[in-house]
Amino acid sequence: MRSRLIIHAGFAKCGNASIRAALFQNFRKLQKHNVFVFDKNLRIARAPEDLIGTSIWSVERARKKTENLTQRLGDEIAAVSSRKTEHVAILSAENLANPGMAELFAGLESQFEVWVILYVRPQLQWIPSAWKQWALKTGVPINDFVSQCIKARRPPFRAGIESWKTALPAALMHVRFLIPELLTGGNPAQDFFHVLGLSQDEYKIESDARNPSLDVSVLHVLSKNPHLFSDVHDNSLTLALTRALSKKFRSTNIQMLSAKQEARIEESFRDENFWLLNTFCSGVDVDRIYQTYFTPRKADARYSEMSDIDLIYRCLGIVLESIAFSGSDAFADHSKSRPPNVSEFDQK
7 MRSRLIIHAG FAKCGNASIR AALFQNFRKL QKHNVFVFDK NLRIARAPED
57 LIGTSIWSVE RARKKTENLT QRLGDEIAAV SSRKTEHVAI LSAENLANPG
107 MAELFAGLES QFEVWVILYV RPQLQWIPSA WKQWALKTGV PINDFVSQCI
157 KARRPPFRAG IESWKTALPA ALMHVRFLIP ELLTGGNPAQ DFFHVLGLSQ
207 DEYKIESDAR NPSLDVSVLH VLSKNPHLFS DVHDNSLTLA LTRALSKKFR
257 STNIQMLSAK QEARIEESFR DENFWLLNTF CSGVDVDRIY QTYFTPRKAD
307 ARYSEMSDID LIYRCLGIVL ESIAFSGSDA FADHSKSRPP NVSEFDQK
């Protein structure tokens with residue numbers, strides 16, 4: 007009986023944080039059920055702490071050296087496998103859908119039953135999320151970022167999927183849509199465990215495990231101060247802000263894209279989105295799904311319609327409120343004989 011290798015190949019900004027959190031939270035139970043997870047160094051994790059961090063840099067180094075990872079992964083799985091027991095190994099990295107990654111795993115199908123799982127997201131959601139994650143740290147306005155994405159065909163969902171189909175033609179492909187009604191349980195972590203055939207009742211999965219976000223006015227001011235970030239991967243300031251601000255200011259709360267930007271995105275990715283839906287979304291009303299999630303939406307307020315001064319004043323008000331009430335919150339908690347209650351940041 008061959009071991010099964012699950013390659014969760016991303017894409018970035020498509021539920022990776024919640025899936026990693028679920029693997030971490032359920033590590034011991036997964037291990038008990040002979041489900042093993044690769045750590046950031048592409049070794050089978052022995053303890054939950056080994057899953058802190060991500061393997062994106064290890065596979066990126068392998069890509070730069072054009073290192074085939076088949077033997078390396080095979081040796082790791084062999085070290086924990088038993089001839090009498092079926093094992094499952096999971097490799098999860100959001101950059102595995104990037105160009106040049108799939109080829110690093112050529113030949114895996116001769117050793118394992120390989121499943122490749124990719125999550126995709128409507129570009130109307132992905133592009134503003136990617137701007138918040140990376141582009142605002144370089145001072146790129148969101149309108150310019152939209153133009154860059156359209157020109158570069160980013161996110162490259164179809165290209166990434168086809169690269170895996172070419173590199174591992176015998177692998178079982180699972181392309182899942184980050185749309186609540188198309189996800190088992192309504193979130194990517196529960197859906198991921200469902201695809202793997204793992205019982206939802208046996209595992210603890212938190213539905214709100216996401217990357218952090220911030221009020222739109224805070225994002226706007228940050229985008230005007232790129233010097234506050236060392237590079238696009240520097241999240242120290244945004245993480246600190248999510249811990250410092252009250253919960254009501256830890257969401258973007260309005261539509262980030264203008265109606266014109268949404269129309270440009272819809273037109274540019276229309277053919278690709280219909281290909282994705284018709285190829286991987288059988289048994290549902292494709293036209294309804296497309297109209298609901300892939301076309302421009304009505305909005306009461308949009309980021310593009312807010313003036314610079316209004317955004318700055320709103321951000322200043324948020325900062326003042328956070329400063330004014332942080333001491334009283336700590337005092338209230340102290341009076342109850344417990345440490346100050348600093349809420350964990352919401353993840354988006």
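Following my numbering, the numbering of the sequence shown begins with 7 at its first residue and continues without gaps. Built from N, CA and C at the ideal position, the CB exists for glycine as well.
Could you compute how far the alpha carbon of residue i sits from the alpha carbon of residue j?
i, j, result
"C20", "V126", "6 Å"
"L174", "K157", "29 Å"
"S310", "D237", "25 Å"
"N241", "T258", "17 Å"
"D314", "Y299", "29 Å"
"F199", "P302", "32 Å"
"Q297", "L283", "12 Å"
"P232", "M312", "21 Å"
"M107", "R320", "43 Å"
"L243", "G145", "15 Å"
"A15", "S64", "14 Å"
"N32", "A99", "18 Å"
"W281", "A330", "52 Å"
"S328", "G289", "48 Å"
"D45", "K171", "25 Å"
"P54", "C155", "37 Å"
"S153", "W140", "15 Å"
"I133", "A305", "17 Å"
"L75", "L326", "52 Å"
Would you grab the beta carbon distance between residue i and residue j for me? Rounded to a whole angstrom, and I think it's under 8 Å.
i, j, result
"K143", "F17", "No, K143 and F17 are not in contact; Cβ-Cβ is about 20 Å, not under 8 Å."
"K138", "S219", "7 Å"
"F118", "L11", "4 Å"
CB-CB under 6 Å to residue i, same chain, minus the five flanking residues each way: which ones, in chain order?
i, result
"I13", "L97 and V122"
"G166", "A103"
"S9", "I83, S87, H93 and F118"
"S169", "A108"
"A307", "I260"
"A269", "P302"
Measuring alpha carbon to alpha carbon, tell me which residue in the options is nearest residue i.
i, options, result
"D81", "L247, I50 and E66", "I50"
"A177", "L251, G59, L114 and S288", "L114"
"N40", "G203, L263, E327 and A141", "G203"
"K35", "A305, P232 and R52", "R52"
"N279", "G289, V290, I295 and K266", "I295"
"N22", "E187, I329 and L124", "L124"
"L322", "R182, V227, E268 and F42", "V227"
"E92", "F44, Q37, P54 and L79", "Q37"
"E66", "S153, I185, L110 and R256", "L110"
"S61", "T72, V43 and K71", "V43"
"P147", "T285, A108, Q267 and I329", "Q267"
"E187", "D197, M179 and H180", "D197"
"Q131", "F183, E327 and G191", "F183"
"L317", "S229, R159 and I185", "S229"
"I185", "G59, C287, A330 and D306", "C287"
"L79", "P105, A112 and L57", "A112"
"V292", "D277, A305 and I58", "D277"
Skipping 5 residues on each side, what residues in its chain have a beta carbon closer than 7 Å to that of residue i?
i, result
"S135", "K19"
"Q129", "P161, I271 and F275"
"I324", "D221, S223, V224, L251 and F255"
"P56", "With the sequence shown as reference, residue 56 is identified as Asp, and Pro is not the correct amino acid for it. Around D56: D45."
Between residue i and chain C, is any beta-carbon pair separated by less than 8 Å?
i, result
"F42", "Chain labels in this structure do not include chain C; a single protein chain is all it has."
Task: the region 21-35 / the region 204-211 touching (three or more Cβ pairs under 8 Å) - done: The way I'd put it, the region 21-35 does touch the region 204-211; three or more beta-carbon pairs between them come closer than 8 Å.
- [ ] Count the C-beta pairs between the region 269-280 and the region 237-254 that are closer than 8 Å, then say yes if the count reaches three, no if not.
- [x] Contact check between the region 269-280 and the region 237-254: fewer than three CB pairs, one atom from each, fall below 8 Å, which does not count as touching.
Task: Any 3 or more C-beta pairs closer than 8 Å across the region 161-175 and the region 256-263 - done: Segment contact: the region 161-175 against the region 256-263, fewer than three CB-CB distances shorter than 8 Å; contact not assigned.
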